[in-house]
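Start counting the sequence shown at 1; every next residue gets the next number (UniProt numbering).
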Amino acid sequence: MTTERLVPISIVGARGRMGKTLIREIVLSDSMILEAAVDREGGAGLGQDAGRLAGLHDIGVTVVDDLRPRRNSVVVDFSLAPATDANIRRCVEAGVPLVLGTTGLQKSTRELLRSASREIAIVSAANFSVGVTLLTKIAGLVAGSLGESWDAELLEIHHSHKRDAPSGTALRIAKAVAKATGRELEGVMRTDRAGEQARPRERGEIGVAAVRGGDSIGEHTLMFLAEGERLELTHRAFDRAIFARGALRAARWVAGKAPGLYSMADVIGLGDLG
Ligand code: NAD
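If you want it as C-alpha cells, here you go:
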C-alpha cells in the first residue's frame with residue numbers, strides 16, 4: 001500500500017490529444033486523482049464523463065468550461081496558447097501550483113509566467129519527456145565542447161495538426177546550443193532559407209527546420225556538421241504518454257514547493273539546462 005499523499009489534479013485542455021492521455025494516466029495511477037477536467041466553452045465533450053471521454057470507464061468527473069482549482073491541488077495545462085494567460089491568473093488567485101505544457105506562448109505570456117512564479121510554483125517545459133530533457137542538456141555540453149567551428153542545425157518533425165513552428169522543443173534545444181557558445185538564440189537562429197532569404201550559411205548560425213505531416217508525435221535531430229564528419233543526436237517520441245507521464249511526475253514534484261519557475265530538468269534533478 002502506498003503511503004504517498006494522493007495529489008488532486010485539474011487538467012486544462014481535457015478534450016485534446018494530450019488532455020485525454022493525461023486523464024488516462026491519472027485514472028490508471030494510484031498516487032493521483034482527477035479533480036477537474038476543463039476545456040473551452042462549446043463543442044462536443046462538454047458535460048461528458050472525463051473517464052469515458054478518455055476511452056476508459058465513468059469516473060464521476062464531468063468536463064467543464066471553467067477552471068476553479070481548490071487549495072492543495074495542482075493544475076496541469078496542455079491547451080492552446082491564447083488560453084494560457086487566464087489559466088495562469090486563475091492559479092495565482094487560487095494559490096495553487098501550475099504545470100504548463102502548452103507551447104507557442106507569446107512573449108507577454110512568458111513575462112506573466114515569470115511574475116506569477118513569484119507567487120506560486122510553476123513547472124514549465126516545451127517537452128516533458130525525460131529523453132528530450134536529457135537531449136537538451138547534452139546539446140549544450142556538446143555545443144560548448146565543439147565550439148562554433150562545427151555547424152549546428154536542427155530538424156524537427158510533427159503531425160500535421162501542430163499549430164506552432166518551429167516546435168517549442170526545437171527552440172529550447174537551439175537556445176541551449178546558443179547559450180553554450182555564448183550567444184542569444186534570437187541573433188543567430190535561421191528558420192527560412194528559401195527564395196529571397198537564400199544565401200550561403202554564415203558561421204555561427206543555428207538553422208531550425210520544421211517538417212509537418214502524418215501522425216508523428218515528435219522527432220528532434222540536432223546535427224553538428226564539420227568538414228568530413230557529422231554528429232547527430234536524435235530523440236523520437238512514439239507515444240504521447242511519455243509527455244503525460246513527465247508532466248504528472250512534475251505535478252507530484254511541484255505540490256507543496258515554494259514559489260518559483262522550475263523546469264523539467266529541476267524535476268529530474270539535472271539542474272540548469274542552459
Ligand atoms: P489539441 O488541439 O488536441 O488540444 C488542445 C485542447 O485545448 C482542445 O481540446 C481545445 O478545445 C482546448 N482549449 C482551447 N482553448 C481552451 C481554453 N480557453 N480553455 C480550456 N481548454 C481550451 O492539442 P494537443 O496536441 O493536445 O496539445 C496541446 C498543447 O500541448 C499544444 O500547445 C502542444 O504543442 C502542447 N504539447 C506539449 C508537450 C510538452 O511536453 N510540453 C507535448 C505535447 C503537446
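Built from N, CA and C at the ideal position, the CB exists for glycine as well.
Collapsed DSSP secondary structure at residue i in the structure displayed
{"i": "M1", "result": "Any answer about M1 is weak, because its pLDDT of 48 lies below 50 and its placement is not dependable; what the coordinates show is given next. Coil."}
{"i": "P8", "result": "strand"}
{"i": "E148", "result": "helix"}
{"i": "R230", "result": "strand"}
{"i": "I88", "result": "helix"}
{"i": "A265", "result": "helix"}
{"i": "V74", "result": "strand"}
{"i": "E41", "result": "coil"}
{"i": "L270", "result": "coil"}
{"i": "R118", "result": "coil"}
{"i": "G187", "result": "helix"}
{"i": "S124", "result": "strand"}
{"i": "V96", "result": "coil"}
{"i": "R110", "result": "helix"}
Heavy atom of ligand 1 within 7 Å of residue i beta-carbon
{"i": "S79", "result": "yes"}
{"i": "A125", "result": "yes"}
{"i": "V12", "result": "yes"}
{"i": "G16", "result": "yes"}
{"i": "R40", "result": "yes"}
{"i": "T102", "result": "yes"}
{"i": "F238", "result": "no"}
{"i": "A258", "result": "no"}
{"i": "G131", "result": "no"}
{"i": "A36", "result": "no"}
{"i": "residue 281", "result": "Summary: the structure shown does not reach residue 281, with the chain confined to residues 1 through 274, and so no result is reported for it."}
{"i": "A54", "result": "no"}
{"i": "A83", "result": "yes"}
{"i": "G182", "result": "no"}
{"i": "G47", "result": "no"}
{"i": "F128", "result": "yes"}
{"i": "G19", "result": "yes"}
Chain B within 8 Å of residue i, Cβ atoms only
{"i": "M189", "result": "Within the model displayed, chain B is absent; a lone protein chain is all it includes."}
Proximity winner among the options, relative to residue i (alpha-carbon distances)
{"i": "I122", "options": "R201, R163 and A258", "result": "A258"}
{"i": "G42", "options": "R15, E35 and A50", "result": "R15"}
{"i": "L46", "options": "A139, S10, V63 and A265", "result": "V63"}
{"i": "residue 276", "options": "G195, A36, L222 and H159", "result": "Residue 276 falls outside the range modelled here, since the chain spans only 1 to 274, and no answer is possible."}
{"i": "Y262", "options": "D58, F128, S10 and L53", "result": "F128"}
{"i": "P82", "options": "N72, G95, S108 and V74", "result": "S108"}
{"i": "residue 275", "options": "E232, V74, L185 and R71", "result": "Past the boundaries of the shown model lies residue 275; the chain is included only from 1 to 274, so the question cannot be answered."}
{"i": "L67", "options": "V75, P166 and V61", "result": "V75"}
Buried or exposed by the 16-neighbour rule on C-beta atoms within 10 Å, applied to residue i
{"i": "G55", "result": "exposed"}
{"i": "R110", "result": "exposed"}
{"i": "L6", "result": "exposed"}
{"i": "R240", "result": "buried"}
{"i": "T2", "result": "Since pLDDT at T2 reaches only 49, below the 50 mark, its modelled position is unreliable, and the value read off the structure follows with that caveat. By the 10 Å Cβ count, T2 comes out exposed."}
{"i": "F78", "result": "buried"}
{"i": "R252", "result": "buried"}
{"i": "R44", "result": "Rather than Arg, the amino acid found at residue 44 in this sequence is Ala. With fewer than 16 Cβ atoms within 10 Å of its Cβ, A44 is classed as exposed."}
{"i": "G256", "result": "exposed"}
{"i": "P8", "result": "buried"}
Residue i beta carbon near ligand 3 (any heavy atom closer than 7 Å)
{"i": "V211", "result": "No copy of ligand 3 appears in this structure; the ligands present are ligand 1."}
Can you confirm whether the segment 102–119 touches the segment 202–213 when touching is taken to mean that 3 or more C-beta pairs between the two stretches lie within less than 8 Å?
The segment 202–213, when compared against the segment 102–119, does not touch it at the 8 Å Cβ threshold.
May I ask you to verify whether the segment 236–253 touches the segment 22–38, counting CB pairs closer than 8 Å and requiring at least 3?
yes
Three or more C-beta pairs below 8 Å linking the segment 78–89 and the segment 219–228
no
Count the C-beta pairs between the segment 134–146 and the segment 189–203 that are closer than 8 Å, then say yes if the count reaches three, no if not.
no
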